[in-house]
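In terms of numbering that gives the first Met the number 0, the sequence shown opens at residue 0 and continues consecutively. We put the CB at the ideal spot given by N, CA and C, even for glycine. On a predicted model such as this, the values are computed, not experimentally measured, just so you know.
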Amino acid sequence: MASNLPVLPSDTETIAELRELYRAAEARAARMRLLSVSGRELAEATPETLEPILAKCAERLAFFLGRRTAMILPVGAEGGMPINAPGSSGAPLARLVIDSLRSIREIDDPEDRETVRMELDLMGTTIDRIRREQERAQLLDALQQREKSLEFVVERLVSVQEEERRRVSHELHDGVAQTATALVRVLESAEGGQPGELRPAEIARGLVAELRRVIAGLRPTLLDDLGFVPALRSLCEALEADGYDVSVRIETGAARHSTAIETALFRVAQEAFANIRKHAGGPCRVEVDALLSPDAPRRVLRIADNGCGPSAQTRKAQPGAGLNLGIEVMRERMTAVGGRLDWWAGEPQGVVVEAWLAQG
């Protein structure tokens with residue numbers, strides 16, 4: 000009677016097959032470990048550590064292939080296997096030389112070839128990442144240097160402008176104003192004429208008053224001698240003298256700010272008050288808050304009025320349109336000292352100006 004049972008392999012064949020499977024499993028585990036360790040090290044690479052990490056990965060790959068030596072060469076070198084950037088362009092970044100291995104095609108085992116290809120991709124991705132980070136850092140550094148240069152130029156420009164204002168102010172005060180004052184004295188001593196006539200002395204006194212106003216506008220001595228707070232109070236008092244209802248709240252601390260900051264804040268207040276006189280439609284309520292203490296969480300000069308406010312065209316105008324030139328000048332002054340300026344029309348009327356200083 001014939002037997003239908005399958006023929007079982009001998010013990011020798013079974014052991015050989017198990018050994019083959021074990022070796023294949025070990026080889027796959029070795030490939031996975033190679034890629035895992037290299038991937039982790041390359042992911043942590045920085046511009047300072049990239050070169051030694053690449054050298055270590057290349058040496059590990061050489062040992063995996065049963066070779067002795069490996070090195071990373073620059074992109075223009077000959078021989079070895081190319082390390083390319085990721086993406087469709089695949090631009091060459093470097094070359095990997097492992098003993099006499101000239102191409103990945105010389106590796107017999109297809110799974111080993113695929114492992115080497117993946118290792119080269121990891122290297123290329125890392126080199127490309129570091130290169131982009133360095134380019135980004137260089138661009139950022141260049142941008143910061145340019146911003147510093149621009150800040151210096153703007154600060155110097157403002158400084159020169161203020162020095163010129165100071166010089167013209169002194170010349171007007173020491174020259175024209177003194178002459179006009181002397182003219183008043185002479186005319187007062189020689190006055191006659193008919194009642195009701197416009198007397199020359201009155202004209203001269205008006206000239207002196209106008210000169211003093213111009214001098215104060217160019218560069219108030221209070222700002223140079225005593226600082227921003229007295230100069231701001233002087234502006235507020237002048238606005239009150241014109242009939243406006245002005246409330247003032249000042250918190251600045253004991254220390255003074257830098258000359259550049261105090262000048263910028265003063266010019267903002269000066270421009271804001273000029274706009275109130277021009278656009279508010281007559282005396283109105285004006286609130287001035289100078290919260291500039293160094294330890295304050297937010298440092299701001301806030302000027303708000305409840306007058307008529309700007310025209311509809313001015314409300315809709317975009318920065319740079321030329322309709323809000325005074326506002327744009329204020330904004331540039333605050334930017335030059337590291338701050339910012341906010342401006343908006345109130346609802347339903349009035350205007351709010353806020354000059355913010357940088358923290359710290």
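Option in the options with minimal Cα separation from residue i
i, options, result
"P296", "L138, L356 and C307", "L356"
"V183", "R164, E162 and G205", "G205"
"R232", "P109, D288 and R211", "D288"
"E286", "A203, G280, A23 and G306", "G306"
Short Cβ contact (8 Å threshold) for residue i with residue j
i, j, result
"A84", "G123", "yes"
"L33", "E118", "yes"
"T251", "S292", "yes"
"D304", "V350", "yes"
"I52", "L41", "yes"
"D341", "P282", "no"
"F272", "L238", "yes"
"A268", "L234", "yes"
"R66", "L100", "yes"
"I71", "A54", "yes"
"A354", "V299", "yes"
"L92", "M80", "no"
"A259", "V152", "no"
"E270", "V336", "no"
"R30", "E110", "yes"
"P309", "H278", "yes"
"E132", "P46", "yes"
"R116", "I103", "yes"
Residue i versus residue j: straight-line alpha-carbon distance, rounded
i, j, result
"I381", "E154", "Residue 381 falls outside the range modelled here, since the chain spans only 0 to 359, and no answer is possible."
"L264", "E236", "17 Å"
"Q129", "R27", "The sequence shown places Ile at residue 129, not Gln. Approximately 30 Å between the Cα atoms of the pair."
"A69", "F63", "11 Å"
"T220", "Q137", "46 Å"
"G319", "G325", "Residue placement at G319 is poorly supported in this model, since its pLDDT is 49, which falls under 50; the coordinates still yield a value, given next. Straight-line Cα distance between these residues: approximately 11 Å."
"L290", "I249", "6 Å"
"D244", "S148", "43 Å"
"T180", "R164", "22 Å"
"M0", "R112", "Low confidence applies to M0: its pLDDT is 48, below 50, so where it sits in the model is not reliable, and the reading given next is rough at best. Rounded to the nearest angstrom, the two C-alpha atoms are 54 Å apart."
"R339", "R330", "6 Å"
"S88", "S35", "26 Å"
"H256", "R332", "15 Å"
"E150", "E162", "18 Å"
Exercise. Hey, which unbroken runs of the beta strand (DSSP E) at 3 residues or more fall wholly within the region 82 to 139?
Worked result: 91 to 97
For this session: Go through the region 204 to 291 residue by residue and report every complete run of the beta strand (DSSP E) that reaches 3 residues or more, in order.
Result: 244 to 250 and 284 to 290
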